[in-house]
Amino acid sequence: MGDYRKIQVLYEKSHQIKEKALPQNHPELATSYNNIGLAYNNMGDYSKALEFYEKSCKIYEKALPPNHPNLASSYDNIGRVYKNMGDYSKALEFYEKAHQIYEKALPPNHPDLATSYNNIGGVYNNMGDYSKALEFYEKAHKIFENALPPNHPHLAISYGNIGQVYNDMGDYSKALEFNEKAHQIFENALPPNHPHLAFPYNWFGKIYRSMKDYSKALDNFEKCLSIRQKALPDNHPYLALTYSNIGDVHQLMGNYERALAFHQKALNIQENVQCDPTDCATTYINLGETYREIKDYSTALTFYQKGLEIREKKLPKNHPDLAVVYHNMAKLYLSTRKYSMAMKNIQQAVEIAQEKLPSTHPHLLEYRETFEKLRKKI
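Quick note on UniProt numbering: the sequence shown kicks off at 1 and runs consecutively.
Dropping the structure here:
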């Protein structure tokens, strides 16, 4: 963590010198604002990062021709912060602005063009449009394979991204296959405690959780946590995500007290720093599941509703993550014998899953099972 803070202080000192020496619209000042923005972004302070990235972008827009690659990377940076903050439509807008410049300014096999495809794919993935996400990730991957050496970290991230979409689509063996390729490259290319090594462990954790192999999921999330605790500030949104994931696995394993403790750790960060609201929603929903399991139904419902409110506001109306909450609420209403409320929720879950997920997806099968269970009760 100290490294990011030191870098930020150095960038700000260097910026003060440049401010005295250069005219106010000089491109070097823009680069300097950009560097400070990057340091804040790495520390998880997204509103500060956005402030500096926008200052940088204003100068670039005045000082550079409209198709200059520096302007594209400036739009990229702003897009990334909006994505981190959960504003996906804004993120997509800036990523597409950047992409238009890259397409005009760069040869078709340039790695920056691939990174741009990756960025757009990431937003589609967060919006629950998995086929679109896969399409952009594969375009990126093709370029990376042609343009980069086989052990390049960008290639690893590309494998990991594709693996994550397969995980979201319910194809767990494919997800594992791509994530193993990513992990191998990271291990060969990076020193042991590099922050990027947390990514494959996080991805493995998610895949094993989906496969219901909870001890392996926990092992990987804990490895991810150990790296992130060394590399990131105590209140970084990535740490909160990891606590939430660990809490979720403990809940699935029946360790409810541990689950509640980890979810609370996650919320202590998420409710006090600016992070992606949908991450906070996930923690609320995980807490809801934990309280449902211990039969505290009113507390469970409160957390489900908090999470659902955020997801309904932030995500497209047919996003698979909404189906997850509707299904959780249906199970709760089933347990409390409120069958008409349960039916309303399970129907919403099934409708979304039928529209957005492959027909063999485990979630869809699970929702149908709950629907059948409920139908027999009515």
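Where is the CB? At the ideal position from N, CA and C, for every residue including glycine.
- Query: According to DSSP, is C224 helix, strand or coil?
  - Reply: If you number the sequence shown from 1, residue 224 lands on position 224. Correct three-state label for C224: helix.
- Item | Rounded Cβ spacing between Y88 and N126 (contact assumed at less than 8 Å) | Position 88 of the sequence shown, counted from the start, is the residue given in the question as residue 88. Position 126 of the sequence shown, counted from the start, is the residue given in the question as residue 126. That belief holds up - the Cβ atoms of Y88 and N126 are roughly 6 Å apart, short of 8 Å.
- If you draw a straight line from the C-alpha of A330 to the C-alpha of E180, how long is it? If you number the sequence shown from 1, residue 330 lands on position 330. If you number the sequence shown from 1, residue 180 lands on position 180. Our two residues, A330 and E180, have alpha carbons roughly 36 Å apart in a direct line.
- Message: Does R337 come out as helix, strand or coil in the three-state DSSP assignment?
- Response: In the sequence shown, the residue the question calls residue 337 occupies position 337. The DSSP-derived three-state label of R337 is coil.
- Query: When you compare only the Cα positions, how much space is there between I269 and I378?
  - Reply: As a first step, residue 269 is located in the sequence shown; it is residue number 269 there, counting from the start. As a first step, residue 378 is located in the sequence shown; it is residue number 378 there, counting from the start. About 43 Å.
- Query: With burial defined as no fewer than 16 other Cβ atoms inside 10 Å of the residue's Cβ, what is the status of E271: buried or exposed?
  - Reply: For the purposes of this step, residue 271 is taken as residue 271 along the sequence shown, with counting starting at 1. By the neighbour-count rule (16 or more Cβ atoms within 10 Å), E271 is not buried but exposed.
- Can the beta-carbon of Y326 be found less than 8 Å from the beta-carbon of A349? The residue you call residue 326 lines up with position 326 of the sequence shown. The residue you call residue 349 lines up with position 349 of the sequence shown. Closer than 8 Å, so yes.
- Chain-order list of residues whose beta-carbon lies under 8 Å from that of E372 (same chain, five-residue window excluded): Position 372 of the sequence shown holds residue 372. So the list is empty, once near-sequence residues are dropped.
- Task: Report all residues from its chain with a CB closer than 6 Å to the CB of S173; omit the five preceding and five following residues, and keep chain order.
- Result: Translated into the one-based positions of the sequence shown, residue 173 becomes position 173. Spatial neighbours of S173 in its own chain (CB-CB distance under 6 Å, excluding positions within 5 residues in sequence) are not present.
- Message: Check for me: the alpha helix (DSSP H) holding H183 runs from which residue to which?
- Response: As a working note, residue 183 is residue 183 in the sequence shown. From DSSP, the alpha helix (DSSP H) with H183 extends over Y172 to A189.
- So what does DSSP say about D213, is it helix, strand or coil? Within the sequence shown, the letter at position 213 stands for residue 213. Coil, per DSSP.
- Any idea what DSSP makes of G86, helix, strand or coil? Translated into positions along the sequence shown, residue 86 becomes position 86. Here G86 carries a coil assignment [DSSP, helix/strand/coil].
- Count the other CB atoms within 10 Å of the CB of T360; is the residue buried (16 or more) or exposed (fewer)? Within the sequence shown, the letter at position 360 stands for residue 360. Counting of Cβ neighbours within 10 angstroms places T360 among the exposed residues, the total staying below 16.
- Message: I want to know whether the stretch 223–239 touches the stretch 248–264 - three or more CB-CB distances under 8 Å.
- Response: No, they do not touch.
- Query: How would you write the range of the alpha helix (DSSP H) that H263 sits in, first residue to last?
  - Reply: Your numbering for residue 263 matches position 263 in the sequence shown. H263: member of the alpha helix (DSSP H) spanning Y256 to Q270, first to last residue.
- Item | Nearest-angstrom Cα separation, counted from P69 out to E289 | Against the sequence shown, residue 289 aligns to sequence position 289. Against the sequence shown, residue 69 aligns to sequence position 69. Spanning the two alpha carbons is a distance of roughly 47 Å.
- Message: Let me confirm a value: K83 is counted as buried when at least 16 other C-beta atoms fall within 10 Å, else exposed. Which label applies?
- Response: Position 83 of the sequence shown, counting from 1, holds the residue named residue 83. So K83 ends up on the buried side.
- Item | Same chain, Cβ closer than 8 Å to A105, neighbours up to 5 away in sequence not counted | Taking the sequence shown and counting its residues from 1, one reaches residue 105 at position 105. For A105, where only same-chain residues beyond five positions count, the Cβ hits under 8 Å are N67, H68, P69 and A72.
- Task: Output yes if chain C places a C-beta closer than 8 Å to the C-beta of Y214; else output no.
- Result: Protein chains in the displayed structure number just one, and chain C is not present.
- Message: Output needed for A91: all residues of its chain with C-beta closer than 7 Å, excluding positions within five of it in sequence on either side, in chain order.
- Response: On the sequence shown, position 91 is the one that residue 91 refers to. Excluding sequence positions up to five before and after A91, its CB lies within less than 7 Å of the CB of G79, Y82, K83 and V123, all in the same chain and listed in chain order.
- What whole-angstrom Cβ distance do Y243 and A266 have, given they're in contact under 8 Å? To locate residue 243, count along the sequence shown from 1; it is residue 243. To locate residue 266, count along the sequence shown from 1; it is residue 266. Contact between Y243 and A266 holds: CB atoms are separated by about 4 Å, below the 8 Å threshold.
- Task: Say whether the stretch 178–195 touches the stretch 361–370, bearing in mind that this needs 3 or more beta-carbon pairs closer than 8 Å, one atom from each stretch.
- Result: Segments in contact, no.
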